[in-house]
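Visitor: Structure incoming, see below.
In my numbering, the protein residues as written are 214 to 543.
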């Protein structure tokens, strides 16, 4: 009965010639078009995001550190993978294309982990393409079809970690002097995990820090899904996020078999973010973000304002057209 009343009310609003109800009708139509537009690009993804959000943190297996973890056998190689378009970060102390704090953080992290017997690989655009052509040639057509370079960088890290294992960190992530990433690797050994990645807000994982064993099933699932998700998602920012970036990674995790999810550990916020006993320094970055990112972030932070603006736009448009409408009725 309640549903029938709501349908009747909406029908009355939609088909009535009353001025205010006509404005509501236009507002409903505009809202419907807006919703259909986003559903066209994000039908399955929107449902998956809702599932992920409503599931909360209980669906993730968290990294837990213990004092005796150093005695555990870990299968995460002591390799740190970093990426930049060329090797200028090594050849020059302050390359003009990179923020100074990035180059200093890279040098500091490299020095710290060399003393701990880690190896650092710096992957460039050229070496990434050579690597893929040699080991994953079937992916090259998809790799070259990406419209944005950040998609190639995102995809490459999954292939590299699947092939070599180790730890990947973006250049805008630094190391803490009194923390050792081997703590997380060792906890993975205790918990029989083959991958670890940080939780982020408001939902899902980030992909700026990644841990993996060689041949990790989780990363195998990711690289198999990349060609399927190579499509346009309404804006450049959302295309990156859902085709190769953090939302791609998070939604693929949600769809994986329980046996694979059980091998993936979530690095909790107290180990990853700016507060707590964090293992990482977060520097100013996001060099690939465009104007659409600012617009989306602003709309997300000001939902009420956006709703008011849309309503005002519809009302203004209809008020402007009202004399013509009334004259036509006469």
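Idealized CB from N, CA, C, for every residue including glycine.
Look up residue 387 in the DSSP assignment and say whether it is helix, strand or coil.
Guide: DSSP places residue 387 in strand when its eight states are reduced to three.
Visitor: In this structure, how does DSSP classify residue 381 when only helix, strand and coil are distinguished?
Guide: Strand at residue 381.
Visitor: Is the CB-CB distance between residue 323 and residue 403 below 7 Å?
Guide: In this structure, residue 403 does not lie closer than 7 Å to residue 323 by Cβ.
Visitor: How long is the line joining the alpha carbons of residue 456 and residue 367, rounded to whole angstroms?
Guide: Distance between the alpha carbons of residue 456 and residue 367 is about 9 Å.
Visitor: What does the alpha-carbon distance come out to for the pair residue 185 and residue 442?
Guide: A question about residue 185 goes unanswered here, because the residues of the chain that appear run from 214 up to 543.
Visitor: Decide if the stretch 340–354 is in contact with the stretch 390–401; the criterion is three or more beta carbon pairs, one per stretch, under 8 Å apart.
Guide: The answer is no - the stretch 390–401 does not touch the stretch 340–354, with fewer than three Cβ pairs under 8 Å.
Visitor: Give the DSSP-derived three-state secondary structure of residue 415 in the structure shown.
Guide: Coil, per DSSP.
Visitor: DSSP has residue 334 in a bridge; who is on the other side?
Guide: Beta-bridge pairing links residue 334 to 294.
Visitor: So, helix, strand or coil for residue 507, using DSSP?
Guide: Because residue 507 sits at a pLDDT of 45, beneath the cut-off of 50, its placement in the model cannot be relied upon, and the point is left open.
Visitor: Determine the DSSP secondary structure at residue 289, reduced to helix, strand or coil.
Guide: The answer is coil: DSSP assigns residue 289 none of H, G, I, E or B.
Visitor: Helix, strand or coil for residue 372 per DSSP?
Guide: Three-state DSSP puts residue 372 in a helix.
Visitor: From residue 292 to residue 328, what distance separates their C-alpha atoms?
Guide: So the alpha carbons of these two residues sit roughly 13 Å apart.
Visitor: With respect to the alpha helix (DSSP H) encompassing residue 320, which residues constitute its N-terminal and C-terminal limits?
Guide: 313–327 is the extent of the alpha helix (DSSP H) around residue 320.
Visitor: Measure the beta-carbon distance from residue 276 to residue 408 and round it to whole angstroms, keeping in mind my assumption that it falls under 8 Å.
Guide: Actually they are not in contact, since the Cβ atoms of residue 276 and residue 408 sit about 11 Å apart, beyond 8 Å.
Visitor: Measure the CB-CB distance between residue 374 and residue 439 and report whether it falls below 7 Å.
Guide: Against a cut-off of 7 Å, the Cβ pair of residue 439 and residue 374 comes out as no contact.
Visitor: Suppose the cutoff is 6 Å on Cβ atoms and the five residues either side in sequence are ignored; what does the same chain contact list for residue 288 look like?
Guide: Answer for residue 288: 426, listed in chain order.
Visitor: So which of 335, 359, 278 and 348 has the shortest CA-CA distance to residue 445?
Guide: Considering only alpha carbons, the answer is 359.
Visitor: Whole-angstrom Cβ separation of residue 397 and residue 303, contact assumed at under 8 Å?
Guide: Going by Cβ atoms, the distance from residue 397 to residue 303 rounds to 26 Å, so no, they are not a contact pair.
Visitor: How would you label residue 378, buried or exposed, when you count the other beta carbons within 10 angstroms and need 16 or more for buried?
Guide: It is buried - the Cβ of residue 378 has at least 16 other Cβ atoms within 10 Å.
Visitor: Would residue 496 and residue 383 qualify as a contact pair, given that the criterion is a beta-carbon distance under 7 Å?
Guide: In this structure, residue 383 does not lie closer than 7 Å to residue 496 by Cβ.
Visitor: I'd like the span of the alpha helix (DSSP H) that includes residue 453, first residue to last.
Guide: Segment 449–456, the alpha helix (DSSP H) holding residue 453.
Visitor: Identify whether residue 479 lies in helix, strand or coil by the three-state DSSP scheme.
Guide: If DSSP states are grouped into helix, strand and coil, residue 479 belongs with the strands.
Visitor: Within a Cβ cutoff of 7 Å, which residues of the same chain sit near residue 349, ignoring the five residues on either side of it in sequence?
Guide: Only 372 meet the Cβ criterion.
Visitor: Taking residue 494 as part of the beta strand (DSSP E), name the residues at either end of that continuous run.
Guide: Looking at the DSSP string, the run of the beta strand (DSSP E) that includes residue 494 is 493–495.
Visitor: Around the Cβ of residue 463, are there at least 16 other Cβ atoms within 10 angstroms (buried) or fewer (exposed)?
Guide: Classification of residue 463: buried, given that the 10 Å Cβ count is 16 or more.
Visitor: Since residue 477 and residue 266 should fall inside the 8 Å C-beta cutoff, what is the C-beta to C-beta distance between them, to a whole number of angstroms?
Guide: Actually they are not in contact, since the Cβ atoms of residue 477 and residue 266 sit about 18 Å apart, beyond 8 Å.
Visitor: Checking contacts by CB at 7 Å: is residue 469 closer than that to chain B?
Guide: As a matter of chain content, chain B is missing from the structure shown, which is built from one protein chain.
Visitor: Cα separation between residue 296 and residue 361?
Guide: Rounded to the nearest angstrom, the two C-alpha atoms are 16 Å apart.
Visitor: Is residue 275 helix, strand or coil when you go by DSSP?
Guide: In this structure, residue 275 counts as strand in the three-state DSSP scheme.
Visitor: Quick check: is any heavy atom of the ligand HEM less than 6 Å from the C-beta of residue 269?
Guide: For the structure depicted, the ligand HEM is absent and the ligand set is empty, with no information on it obtainable.
Visitor: Return helix, strand or coil for residue 424, following the three-state DSSP convention.
Guide: If DSSP states are grouped into helix, strand and coil, residue 424 belongs with the strands.
Visitor: Quick check: residue 282 and residue 405, are their CB atoms within less than 7 Å of each other?
Guide: No; because the gap between Cβ atoms is not below 7 Å, this pair is not in contact.
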